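Peer 1: My structure is below; once you've seen it, I'll send some questions.
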Amino acid sequence: MTKAFFIDTTVCTGCRGCQVACKQWHDLPAEETENRGSYQNPSDLSAMTYKLVRMREEEIDGKLRWLFFPDQCRHCLDAPCKGTAMYEEAIYQEPATGAILYTMATRELNAQEIIDSCPYNIPRKGPDGVLAKCDMCIDRVINGQLPACVKTCPTGAMNFGDREEMLQLADRRLGEARKKFPKASLLDPDEVSVIYLVAYDRSHYEVAARARTPEGLTRQAALRKMISPLTRSVAHIG
Ligand code: SF4
Ligand code: SF4
Ligand code: SF4
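Numbering (this note's numbering), first residue to last: 814 to 1051.
The following block contains the structure:
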C-alpha cells in the first residue's frame, strides 16, 4: 500500500523542528539568514532546504492570524514533474511507497522545464545542476521508520502512514477543525500524497494554491504522453 503524509496546519506552532530535522537527516547545511521582517527563514526552498515552514501574518475576519505552512514536495499521484521529464533514470516513482524520487541524472534534464511543470513550485536546481527536493526520507521509510520531519513534530501536525489510514485521519481532523474554522479544507487530497488541512480559504496560503488547473495539468500530461517519441530526444538536453 502506498504511503501518505497528513499535515494538520491547524495545530502547527511554527516551531520549525521539522525543517531542522530534515536538514539533519540529509546532512544539509544551514543557509545564511537575514532579517526580512518575517520569522520565516530561509526565504524559500532551495537545493539545501527541502522543507520550509512558511509563515504569514494576515488579517482574516477582522483578526490578525498566524498562518504556518510546512511546505515540501507533495509526491503527486500523477506527478507533472515526472510526466514532463519522461526519463525514469532521472525522476521515478518508487512503487512501494509512491514517493517521487530524483536522481543525479536530473542534471541531464531541462531544469527550468521541470521546475515550471510543478504546480506547487517545489524542485530547486543546485550549483551542480542536479534538481533537489524532499525524498520522503525513503531510506528511513523502507526500513520501517517515520520520515525525520514527522518523527520530530511535537504537536501531531505531521503524520505519516498508509494512504487509506492518512485519508481517514484527515477526514476526522477536518470534521473537528470545522467546529472552530468553518472554512477549513483539505488541499487536493485525491491528487497528492501530502495532504494538508488548512483553517482558512486556500487563497490565504500562497504556496498552497495550484498554479494551474487540474484540467490544464491533465491536458498537458496527456499531450506530453501523446508526443513522447518526439519530445524524448529534446527533453534531455545534457
Ligand atoms: Fe513533482 Fe512538484 Fe508533485 Fe513534487 S509536488 S511530485 S516536485 S510535481
Ligand atoms: Fe525532509 Fe524527509 Fe520530511 Fe521530506 S520527508 S521534508 S526529505 S524530512
Ligand atoms: Fe509545525 Fe510540527 Fe513542523 Fe513544528 S515540527 S513547525 S509543529 S509541523
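Note that beta-carbon positions come from the ideal geometry of N, C-alpha and C, so glycine has one too.
Predicted, not measured: the structure shown is a model, and the values here were computed from it.
(1) Please classify P1027: is it buried, with 16 or more other beta-carbons within 10 angstroms of its beta-carbon, or exposed?
(2) Does ligand 3 have a heavy atom nearer than 7 Å to the CB of T968?
(3) Measuring CB to CB, does K816 end up less than 8 Å from G957?
(4) With a threshold of 8 Å, are at least 3 pairs of Cβ atoms found where one atom belongs to the region 851-871 and the other to the region 827-838?
(5) How far does the alpha helix (DSSP H) with E989 in it reach, from first residue to last?
(6) How many Å lie between W971 and D821 at the Cα?
(7) Around the Cβ of Q925, are there at least 16 other Cβ atoms within 10 angstroms (buried) or fewer (exposed)?
(8) For A909, does the count of other Cβ atoms within 10 angstroms reach 16, so buried, or fall short, so exposed?
(9) Can we count Y933 as close to ligand 1, meaning its CB is less than 7 Å from some heavy atom?
(10) Please tell me whether, using a cut-off of 7 Å, the distance from the CB of R887 to the nearest non-hydrogen atom of ligand 1 is below it.
(11) Leaving out five residues before and five after V1007 in sequence, what residues of the same chain have Cβ atoms less than 8 Å from its Cβ?
(12) Under three-state DSSP, which class holds R829?
(13) Starting from R953, follow the alpha helix (DSSP H) in both directions and report where the run begins and ends.
(14) Secondary structure at P883, three-state DSSP: helix, strand or coil?
(15) Answer yes or no: the CB of M949 versus the heavy atoms of ligand 2, is any distance below 7 Å?
(16) For the alpha helix (DSSP H) holding A817, just list the boundary residues, first then last.
(17) Restricting to runs no shorter than 3 residues, where is the beta strand (DSSP E) found entirely within the region 868-944?
(18) Could you please give me the residues that DSSP links to L1010 through a beta bridge?
(19) Between C809 and the rest of its own chain, which residues show a CB-CB distance below 7 Å, the 5 nearest in sequence each way excluded?
(20) What residue range is occupied by the uninterrupted alpha helix (DSSP H) comprising K964?
Peer 2: In short:
(1) As a first step, residue 1027 must be located in the sequence shown, where it is residue number 214. Residue placement at P1027 is flagged as unreliable, the pLDDT there being 44, under the threshold of 50; the coordinate-derived value follows with that caveat. With fewer than 16 other Cβ atoms within 10 Å, it is exposed.
(2) Within the sequence shown, residue 968 is the residue found at index 155, counting from 1. The answer is yes for T968.
(3) On the sequence shown, residue 816 is found 3 positions in, with the first residue counted as 1. On the sequence shown, residue 957 is found 144 positions in, with the first residue counted as 1. Cβ atoms of K816 and G957: not closer than 8 Å.
(4) yes
(5) If you number the sequence shown from 1, residue 989 lands on position 176. Where E989 is concerned, the enclosing alpha helix (DSSP H) stretches over R976 to K993.
(6) Counting from one through the sequence shown, the residue named residue 971 turns up at place 158. Counting from one through the sequence shown, the residue named residue 821 turns up at place 8. For the sequence presented, residue 971 should be read as Met rather than Trp. Going by the C-alpha atoms only, they are around 7 Å apart.
(7) Taking the first residue of the sequence shown as position 1, residue 925 is located at position 112. Exposed.
(8) On the sequence shown, position 96 is the one that residue 909 refers to. So A909 ends up on the exposed side.
(9) In the sequence shown, the residue the question calls residue 933 occupies position 120. Under cutoff, so the answer is yes.
(10) For the purposes of this step, residue 887 is taken as the residue at position 74 of the sequence shown. The answer is yes for R887.
(11) Here residue 1007 refers to the residue found at position 194 of the sequence shown. Around V1007: A817, F818, I820, Q885, C886, R887 and H888.
(12) Looking up residue 829 in the sequence shown gives position 16. Coil at R829, not helix or strand.
(13) Here residue 953 corresponds to residue number 140 of the sequence shown, with the count starting at 1. First-last of the alpha helix (DSSP H) with R953: I951 to V954.
(14) Counting from one through the sequence shown, the residue named residue 883 turns up at place 70. Looking at P883 - three-state DSSP - the assignment turns out to be strand.
(15) Counted from its first residue, the sequence shown places residue 949 at position 136. At least one heavy atom of ligand 2 is nearer than 7 Å to the Cβ of M949, so yes.
(16) On the sequence shown, residue 817 is found 4 positions in, with the first residue counted as 1. Looking at the DSSP string, A817 is not in any alpha helix (DSSP H); the run it does join, the beta strand (DSSP E), is K816 to D821.
(17) 876-884, 904-906 and 913-915
(18) Within the sequence shown, numbered from 1, the residue matching residue 1010 stands at position 197. BP columns for L1010 point to D821 and L999.
(19) The question about residue 809 has no answer, for the chain in this structure spans 814 to 1051.
(20) Taking the first residue of the sequence shown as position 1, residue 964 is located at position 151. Here the alpha helix (DSSP H) through K964 covers A961 to T965.
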